[in-house]
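> My structure is below; once you've seen it, I'll send some questions.
Numbering (this note's numbering), first residue to last: 3 to 151.
Right under this line is the structure:
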C-alpha cells in the first residue's frame, strides 16, 4: 500500500519580514506543516521567475513567494518590483500551462508568525488536494523520447 501524498513546498522569503515571521512562528511553538523548505533571500525584489520555475523543475509541488508588506520594504521598493514581476509571470504561467494555484504570493511582516503558520498549513492542504506536480517530469520524458530519434 502506498503512503499518502505529502507535498514539497519551496518558500522564497525575504530576510527582514517573512523569514522573521517564520522564526517567530517557530519560537512561539506554533504548529505548521513540515512540508516547507525556506529559501531566505535579501528581498523579494531579487527573486527571479527562474527561481520559481527551477523549484518546480526540481520537484516542488508548490512555491511560495513572500515578503514585506507594500511600503514596508527594507530596500525601499523591492516588494513593488516583486509584485510587478508576479503580474507578468502569471501570464507566462498561463502560457506554459502551469496551474496558477501552484504558486502563492503573500505579504507577511516580522510580527505575523501566526499568519505564516496559517499560510503554510493552507498551502499544504491545497497542494494535497491538487496532487503531485508532474508536468516537468512528463515534459522531460517527451523531450528524451524525441531526442532519441
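Where a beta carbon is used, it is the ideal one built from N, C-alpha and C, also for glycine.
Using 8 Å as the threshold, is the C-beta distance between residue 14 and residue 41 below it?
yes
> Determine the closest residue to residue 72 out of 64, 98, 108, with distance taken between C-alpha atoms.
The shortest CA-to-CA distance from residue 72 to any of 64, 98, 108 is the one to 108.
> Report the residue from 93, 76, 55, 28 whose alpha carbon sits nearest the alpha carbon of residue 66.
55
> DSSP three-state call for residue 96: helix, strand or coil?
Residue 96 falls in the helix class under three-state DSSP.
> So for residue 54, helix, strand or coil by DSSP?
helix
> For the structure I just gave you, are there three or more beta carbon pairs, one from the segment 69 to 89 and one from the segment 46 to 61, closer than 8 Å?
Cβ pair count under 8 Å is three or more, so yes.
> Select from 130, 110, 60, 80 the residue whose C-alpha is nearest the C-alpha of residue 47.
80
> Rounded C-beta distance between residue 129 and residue 64? I'm assuming under 8 Å.
With 8 Å as the limit, residue 129 and residue 64 qualify as a contact, their Cβ atoms being about 4 Å apart.
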